[in-house]
Every structure is written in structure tokens, then in C-alpha cells.
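Chemist: Got a structure for you, questions after.
Shown next as C-alpha cells:
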């Protein structure tokens, strides 16, 4: 089954991707499901899962979050409560584990986008070794080499901030799951492999512009 395990929605400050557009794009791009991992917010995943049910979609939506730890970003899938930003990576992972979440280290060596810079010694279920938004191959290659050396399962994710890019990178999961929890169980057993390609530079620039404009709007008290 084909899943994008790193998707941002309009619940992230730097994305304007609507949940309906994400669901439509995921279906058009041949996904079986995806994880909503907004920055330090968990609402989007639950709202999206409910919306998928309302629409009669067969897509499996996994509620998740991209937590801003003190060293960089960490994905927690299957989370039920927010995790405080700014904790150490180890404490962040501990908090996620207490909720039974699957922990993935995203773009660990993409230091310009809050990669934590290391994976050794971390209690993670998998490492994101294919992130579509890595403009150069270096960060993804380094993540793959480190994951292989340390024996971590590997996944891919689009890190999409635009609905059109959902599924650009993805994870093949060896499962016949019908629920989000069954998908998470398969990830826990390491039955994963990454696939896909890069996000076009035009979309990367577009997302950066949207992020800056959203920040400016909030500072001016217009949102």
C-alpha cells in the first residue's frame, strides 16, 4: 500500500492546502492514505479523517504532528494530544511514546529546514530518507546512509505544503490495512520502503512565499 507519511495542511502556518484539496490530490495520485503532520498542531489530522469519512473516501487518514523539538523536527503519527515544542529530541520522543505514537525522524540532515542533525541513539521507528522538498540530493543520501548503517527502517514523504504535491514522495507499506492503527502497526514492524521524487522548485518557492505572507499577516493582526 502507498502512503505519504508527511503532509501539511492549512492548519500549518506555512500552508494554505485545504483538506478537501489534499484528499482529492491523494486519490488522484494513487495513494491509499496519508498522514497529516502539521507544525505543532494535531487538529488537522482528525478533521481530515472525519472529512474523508463524510465524503465516503477509501483513503486512510492518519492524524499526526511535526513537533518542533529543541534540535529540530520530529514526526509523531497516531498521536492524540499535542506535544510541547522546545523539548529535547529525546524528551519529545518519550512524550510521543507515552501516547503510543509511531516516531519518524524527518529530513534529519536538511539543517536549513530544522533537521535535527543526527539519528544515532534515538528511539525512532523509521527515518525519512526521501523528502521531496530536499532541493539537492545530499540530505536524503546522508539520511539513507545513516539509516542503513544503524539499521533503521526507511520511509519517504512529500513534506507537501501544497495539495498538488501530496504523494510526490511516498512510502510503500507491506500491509492490507483497513484502518490507521493497522498501518501504524505495519510501520512499527519495519515493513516500509521509500519511493517518489522531488518537488519542483516553483512549488518550493511558492510555499516559502506563502509562509512569509502568513507570518506578516499575523504580525499585522489581520489573521
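Residue numbers (the numbering used here): 10 to 232. Don't be surprised by glycine CBs; every beta carbon is placed ideally from N, CA and C.
1. Would you say the region 116-126 touches the region 56-72, given that touching needs at least three Cβ pairs under 8 Å?
2. Over the uninterrupted alpha helix (DSSP H) stretch that includes residue 154, give me the two end residues.
3. Compare the beta carbon distance of residue 45 and residue 16 with 7 Å and say whether it is the shorter of the two.
4. Suppose you measure from the CA of residue 114 to the CA of residue 186; what does that come to, to the nearest Å?
5. Taking the alpha-carbon of residue 138 as reference, which of 131, 205, 183 has the nearest alpha-carbon?
6. I need the DSSP call for residue 113, collapsed to helix, strand or coil.
7. Does the region 163-180 touch the region 97-107, meaning 3 or more C-beta pairs lie closer than 8 Å?
8. Can you tell me whether residue 126 is buried or exposed? The criterion is at least 16 other CB atoms within 10 Å of its CB, across all chains shown.
9. Residue 168 and residue 142: beta carbons closer than 7 Å?
10. I need the boundaries of the beta strand (DSSP E) containing residue 125, first residue and last residue.
11. In whole angstroms, what is the alpha-carbon distance linking residue 42 and residue 22?
12. Thinking residue 112 and residue 155 are a contact (beta carbons under 8 Å), I'd like their distance in whole angstroms, please.
13. Using only CA atoms, which one of 200, 55, 157, 179 lies nearest to residue 38?
14. Which class does residue 201 belong to by DSSP, given the choice of helix, strand or coil?
15. Assign residue 159 to one of two classes, buried (16 or more other C-beta atoms within 10 Å of its C-beta) or exposed (fewer than that).
16. Output needed for residue 110: all residues of its chain with C-beta closer than 7 Å, excluding positions within five of it in sequence on either side, in chain order.
17. If contacts are defined as beta-carbon pairs under 8 Å, then residue 201 and residue 181 qualify, I think. What distance do you get, rounded to the angstrom?
18. Determine the contact status of residue 83 and residue 172, defining contact as a CB-CB distance below 7 Å.
19. From the DSSP output, in three-state form, read off residue 51 for me.
20. Let's see if you can read the secondary structure: which residues bound the beta strand (DSSP E) around residue 14?
Modeler: Short version:
1. no
2. 147-159
3. yes
4. 23 Å
5. 205
6. strand
7. no
8. exposed
9. yes
10. Element bounds for residue 125: n/a, residue is neither H nor E.
11. 23 Å
12. Not quite, the Cβ-Cβ distance comes to about 16 Å (not below 8 Å), so this is no contact.
13. 179
14. strand
15. exposed
16. 85, 86, 87, 88
17. 7 Å
18. no
19. coil
20. 11-16
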